[in-house]
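Protein chains: 2
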Amino acid sequence: MTSGKGGRGRSGRPTVHTVAKAAGVGVGTVSRVLNNHPSVRGETRERVLAIIEDLNYRPTPQARRPLPSEHPLIGVMVADLYSVWQSRIIRGVETALAGQDYGLMAFALGSPQRAAQVAQPGHPSALAQGLLLCDDAAYRSWTGQERSQPTVRLGAVTEDLDYVAIDNRYGGLIAGEYAATLPGEIVGVWLRGQLKERQATRKGFVEGVESAGRQVIQHIEVEPQDHLHRVAAELLDRLPDRATVMTHGDDLALALITEAQLRGLPVGDDLKVIGYGDHSQAALVGLTTVHQPLEEMATRSTELLLDRIQERHEGAPPREQQFQLLTPRLALRGTA
Amino acid sequence: MTSGKGGRGRSGRPTVHTVAKAAGVGVGTVSRVLNNHPSVRGETRERVLAIIEDLNYRPTPQARRPLPSEHPLIGVMVADLYSVWQSRIIRGVETALAGQDYGLMAFALGSPQRAAQVAQPGHPSALAQGLLLCDDAAYRSWTGQERSQPTVRLGAVTEDLDYVAIDNRYGGLIAGEYAATLPGEIVGVWLRGQLKERQATRKGFVEGVESAGRQVIQHIEVEPQDHLHRVAAELLDRLPDRATVMTHGDDLALALITEAQLRGLPVGDDLKVIGYGDHSQAALVGLTTVHQPLEEMATRSTELLLDRIQERHEGAPPREQQFQLLTPRLALRGTA
């Protein structure tokens, strides 16, 4: 994991930032210790208290105010509220909110009309203490606004916001390095589109394959709206006899497996399939895939957001951008 | 399906209700035709227009106002935002909202603290044009309030609200009738608790078994928070050699299947398992289960809610309670 943290103490007198840095925790954690919040217990709490005493740190009076609203809510903006991706994200958010007093409010912004709604004044999302932007449309809508809420971008690198993302280039790389060790031709199937996140996986995969002195013999591009089983059937028609197929996502990989089984082709033998994502059905079916730590990404984004809310609440000076880039890993199962 | 509809025209002059009844559609549909809304097209639109002409119906001027807010939003209150149940509900809601201008805002109310938040004045849910209550805690919180929004209860029978629910007694009944046709002893595993919805399935199951002159030899009650695989292992230890196990839900059924496979027991042979729900993994694994039409329930609830919003908007007089009770069906696959 790569991470960047700003916020060193800027004067001789110890600040909450000096304490946080010395204790190796976030400012929000220090504040929760000061407020005797039940979510910080045990060793962390002891360490923070010891450092507060060592440094003779005295919090300013407003650091002990209660939460800023009678409706402490975190707002989450997602493309939809039913996909597997989204449900893993929300699980991760809830892990960070467990034991906190925050409620959870989510907005499904899958259409341009809905994303545009968010930018209008008086939208209910303005009532949230902090926002998690999990979707590109939500992010674009947000950038046009005069919002003052703490906001964290989840799942993509940005220049103007704190963010937590997954290093998909690395995810592609490890899949490519592994594919290069397998017999047969290597084929990549990618989602058409300019999204940087999508390009990163493909780029990493090619790097991984070529670093082993091999080549991806064919790249096939599919449209996001294509019917998965039709794509799978067409792929099987044109694949070499022995091939490892790297797919852009678990959904297509699972469709390929189903389609191959219908044709009596065993997967994992001459035909090998690698997924991307590691959603719940992947383990059930024995799919070899790249595990994306989505829950962890969401938990860390939320923790970062809670820290930012707490800092704002304490009147702390604005800090540098913070970011974390999480590392995927290869989940080796039966299909490749 | 059972359904109750009030709102017959009460004077000689034709009203929007007279038109809706004659056309066999909801009041909202008539209104959308009058407003030339793109979501009503083809045969329905033609029929409504023909009836409007036949009856010489003239809408009152306010029936053509635009939507009541610059932020037309439907609010959905659910226990969580990550379970399979919830994702199927949201899919159904989105089906009803497709082509409409409404946004979707959801609140996760799994804890008593969160449910209590909803009852406080100024909660963001008050900004929604209409509410779908999908959760008991949300419903209890709602009943204490002076809310004026159109509100529909989803998934449970209520006396004070419009509702759309699933007839789980019938779901239990068809499972019981089927179990009675199978060899071996019949065992039921149920979730402990007083919820009427939970009791209904069990009651129906016993009825179904007994109507065929057979008996459920054992009812086992488990706690909602019990670990599924531990429950499954304990069940397998105490089951008769030949048994059909009716479970309260697909999750436990799938855990039983996994646990049985670990012990080398084939499921569908001496040991038969029936699920309840028919969530996505059920078909994948070949689980015989009771299909709950959750998506349909959510779509119909949302359509009912949209009709109520439109009626309110037109200043229509309050109508009688409306309800629909949907019928589950048995999905026969390999495990029983």
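Chains as they are written, first to last, in UniProt numbering: chain Z, 1 to 336; chain Y, 1 to 336. Beta carbons are placed, not taken as given, at the ideal position from N, Cα and C, and that holds for glycine. These numbers come from a predicted model, not from an experiment.
**Message:** Using DSSP's beta-bridge definition, name the partner residues of Y:W190.
**Reply:** Answer is Y:E221.
**Request:** Check the Cβ-Cβ distances between Y:A119 and every residue of chain Z, and say whether any is below 8 Å.
**Result:** Y:A119 does not count as touching chain Z.
**Request:** Output the boundary residues of the alpha helix (DSSP H) element that contains Z:R153.
**Result:** Judged by DSSP secondary structure, Z:R153 falls outside any alpha helix (DSSP H) and instead within the beta strand (DSSP E) spanning T151 to L154.
**Item:** Spatial neighbours of Z:R242 in its chain, beta-carbon cut-off 7 Å, leaving aside the 5 residues before and after
**Value:** Closer than 7 Å at Cβ, skipping near neighbours: P183, G184, E185 and D270.
**Message:** Which same chain residues end up closer than 7 Å to Z:V267 when comparing Cβ atoms and leaving out the 5 residues on each side of it in sequence?
**Reply:** Leaving aside the five residues that flank Z:V267 on each side, the residues in its chain whose CB is nearer than 7 Å to its CB run, in chain order, I257, A260, V273 and T335.
**Prompt:** To the nearest angstrom, how far is it from the Cα of Y:E295 to the Cα of Y:A138?
**Reply:** Going from the Cα of Y:E295 to the Cα of Y:A138 covers about 20 Å.
**Prompt:** Once you ignore the five residues that flank Y:A108 on each side, which residues in its own chain have a CB closer than 6 Å to its CB?
**Reply:** Correct list, in chain order: D80 and L81.
**Where Z:I217 falls, given that 16 or more other Cβ within 10 Å makes a residue buried** = With fewer than 16 other Cβ atoms within 10 Å, it is exposed.
**Helix, strand or coil at Y:L227 [DSSP, three-state]** = In the sequence as presented, Leu is not what sits at residue 227 of chain Y; that position holds His. Of the three classes helix, strand and coil, the one that applies to Y:H227 here is coil, per DSSP.
**Request:** Can you have a look at Z:D237 and say buried or exposed, based on whether 16 or more other CB atoms are within 10 angstroms of its CB?
**Result:** Under a 10 Å Cβ-count criterion, Z:D237 is classified as exposed, with fewer than 16 other Cβ atoms of the shown protein chains found around its own Cβ.
**Asked** By a C-beta neighbour count over all protein chains shown, 10 Å radius and 16 as the cutoff for buried, is Z:Q225 buried or exposed?
**Response** The residue is exposed, with fewer than 16 neighbouring Cβ atoms inside 10 Å.
**Request:** Could you tell me which residues DSSP pairs with Z:F107 in its beta bridges?
**Result:** DSSP output for Z:F107 lists Z:M77 and Y:M105 as bridge partner(s).
**Item:** Residue nearest to Y:L330 in terms of C-alpha spacing, selected from Y:A179, Y:E314 and Y:V222
**Value:** Per the Cα distances, Y:A179.
**Message:** Does Z:R41 come out as helix, strand or coil in the three-state DSSP assignment?
**Reply:** If DSSP states are grouped into helix, strand and coil, Z:R41 belongs with coil.
**Prompt:** Can you name the residues of chain Z whose CB is closer than 9 Å to the CB of Y:F107?
**Reply:** Residues of chain Z whose Cβ lies closer than 9 Å to the Cβ of Y:F107 are, in chain order, L73, G103, L104, M105 and A106.
**Request:** Anything in chain Z within Cβ reach of Y:Q113, meaning under 7 Å, just list it in chain order.
**Result:** Neighbours of Y:Q113 on chain Z, chain order: D101.
**Request:** Please confirm whether Y:M246 and Y:A175 have their CB atoms less than 8 Å apart.
**Result:** Taking 8 Å as the Cβ cut-off, Y:M246 and Y:A175 qualify as a contacting pair.
**Prompt:** What are the boundary residues of the alpha helix (DSSP H) that includes Z:R198?
**Reply:** Here the alpha helix (DSSP H) through Z:R198 covers K196 to S211.
**Asked** Which chain Z residues sit within Cβ distance under 7 Å of Y:G122?
**Response** Residues of chain Z passing the Cβ test: H71.
**Message:** Considering only their Cβ atoms, is the gap separating Y:V16 from Y:T29 smaller than 8 Å?
**Reply:** No. Outside cutoff.
**Prompt:** What does a CB cutoff of less than 8 Å around Z:V19 pick up in its chain, not counting 5 residues either side in sequence?
**Reply:** Close CB contacts of Z:V19 within its chain, under the 8 Å cut and outside five residues either way in sequence, are with V30, V48, I51, I52, L55 and Y57 (chain order).
**chain Z contact residues for Y:R91, given Cβ-Cβ distances below 8 Å** = Per Cβ cutoff of 8 Å: Y82.
**Prompt:** Shorter than 8 Å from the beta carbon of Z:Q145 to some beta carbon of chain Y?
**Reply:** It does not; no Cβ of chain Y falls within 8 Å.
**Request:** Evaluate Z:Q148 with the Cβ neighbour count: other Cβ atoms within 10 Å of its Cβ, from every protein chain shown; 16 or more gives buried, anything less gives exposed.
**Result:** The amino acid at residue 148 of chain Z is misidentified as Gln; the sequence shows Ser. Exposed, by the Cβ-count rule.
**Cβ pair Y:L287, Y:I166 closer than 8 Å** = Taking 8 Å as the cut-off, the beta carbon of Y:L287 is found no closer than this to the beta carbon of Y:I166.
**Asked** Apart from the five residues just before and just after Y:H71, which ones in its own chain have a Cβ nearer than 8 Å to its Cβ?
**Response** Counting only residues of its own chain and dropping the five nearest sequence neighbours on each side, Y:H71 has a CB closer than 8 Å to the CB of G103 and L127.
**Prompt:** Which first and last residues belong to the alpha helix (DSSP H) in which Z:Q113 is found?
**Reply:** Note, Z:Q113: alpha helix (DSSP H), P112 to V118.
**Asked** Expressed to the nearest angstrom, what Euclidean distance is found between the alpha-carbon atoms of Y:W190 and Y:G92?
**Response** About 27 Å.
**Message:** Tell me which residues of the segment 125-145 of chain Y have at least one Cβ-Cβ distance to chain Z shorter than 7 Å, keeping chain order.
**Reply:** Close to chain Z, meaning a Cβ-Cβ distance shorter than 7 Å, are the following residues of the segment 125-145 of chain Y: L127.
**Request:** Closer than 8 Å by beta-carbon distance: list the chain Y residues that pair up with Z:L284, in chain order.
**Result:** Simply Q281, L284 and V285.
**Asked** What residues in its chain sit with their C-beta under 8 Å from that of Y:A156, if we drop five residues either side in the sequence?
**Response** The residues are D136, Y139, Y163, A165, K196 and E197.
**Message:** Can you tell me where the beta strand (DSSP E) holding Z:L252 begins and where it ends?
**Reply:** Careful: Z:L252 lies outside any beta strand (DSSP E), inside the alpha helix (DSSP H) at D250 to L262.
**Asked** Roughly how many angstroms separate the alpha carbons of Y:Q62 and Y:H313, rounded to a whole number?
**Response** With a pLDDT of 38 at Y:Q62, under the threshold of 50, the modelled position of this residue cannot be trusted, and the question is left open.
**Prompt:** Counting contacts by CB-CB distance shorter than 8 Å, is Z:S211 in contact with chain Y?
**Reply:** No, no contact with chain Y.
**Asked** For Y:G171, which option in Y:T201, Y:T44 and Y:T181 has the closest C-alpha, if you only look at C-alpha atoms?
**Response** It is Y:T201.
**Asked** Is the CB of Z:S87 under 8 Å away from at least one CB in chain Y?
**Response** Chain Y contact via Cβ: present.
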